[in-house]
Amino acid sequence: MVDNWWLFVCPSEKGCDDPLINPFVEEGNGSGLQKLGCERVIVVVAGDDILKDRGRLYYEKLVGSGWKGKAEYLETEGKDHVFHIIQPDCEEAKIVFKRLGAFFNDDS
1 MVDNWWLFVC
11 PSEKGCDDPL
21 INPFVEEGNG
31 SGLQKLGCER
41 VIVVVAGDDI
51 LKDRGRLYYE
61 KLVGSGWKGK
71 AEYLETEGKD
81 HVFHIIQPDC
91 EEAKIVFKRL
101 GAFFNDDS
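Structure (structure tokens):
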């Protein structure tokens, strides 16, 4: 489903191998991620989101790429895409906001 959606949003001859959606095609295995220009990344996904697997893959490839930064992963079970925007007062959204706040305010 994600592949069809991407072709609708950004039609190109590269399809889902476009680096805009798939950063792992640049050098075949995501090793280009080691050039990422930041020191910290947090990947946040919802457990029922159709994009969850891509988010997890991004996190795993980033950690395994040789990138020297610090990566964190947060998955919220039983929730769907953008749940924290649609239901900002639910307990799961509060957990996400608290974790993001801690991440952004961490100076280490």
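Using UniProt numbering, you'd call the opening residue of the sequence shown number 1 and step up by one each time.
Glycine residues also receive a C-beta, built at the ideal position from the N, C-alpha and C atoms.
In this text the structure is predicted, and so the values were computed from the model without any measurement.
For LEU74, the enclosing beta strand (DSSP E) stretches over residues 70 to 76. The beta-bridge partner set that DSSP reports for ARG99 is empty.
When DSSP states are grouped into helix, strand and coil, VAL9 belongs to the helix group. PHE8 is classed as exposed because its beta carbon has fewer than 16 other beta carbons within 10 Å across all chains shown. Contact check for TYR59 and VAL43: beta-carbon distance about 4 Å, within the 8 Å limit, so the pair qualifies.
Looking at LEU57, LYS52 and ILE50, the one whose alpha-carbon comes closest to that of PRO23 is LEU57. Three or more beta-carbon pairs drawn from the segment 32 to 49 and the segment 72 to 92 are found closer than 8 Å, and the two stretches are therefore classed as touching.
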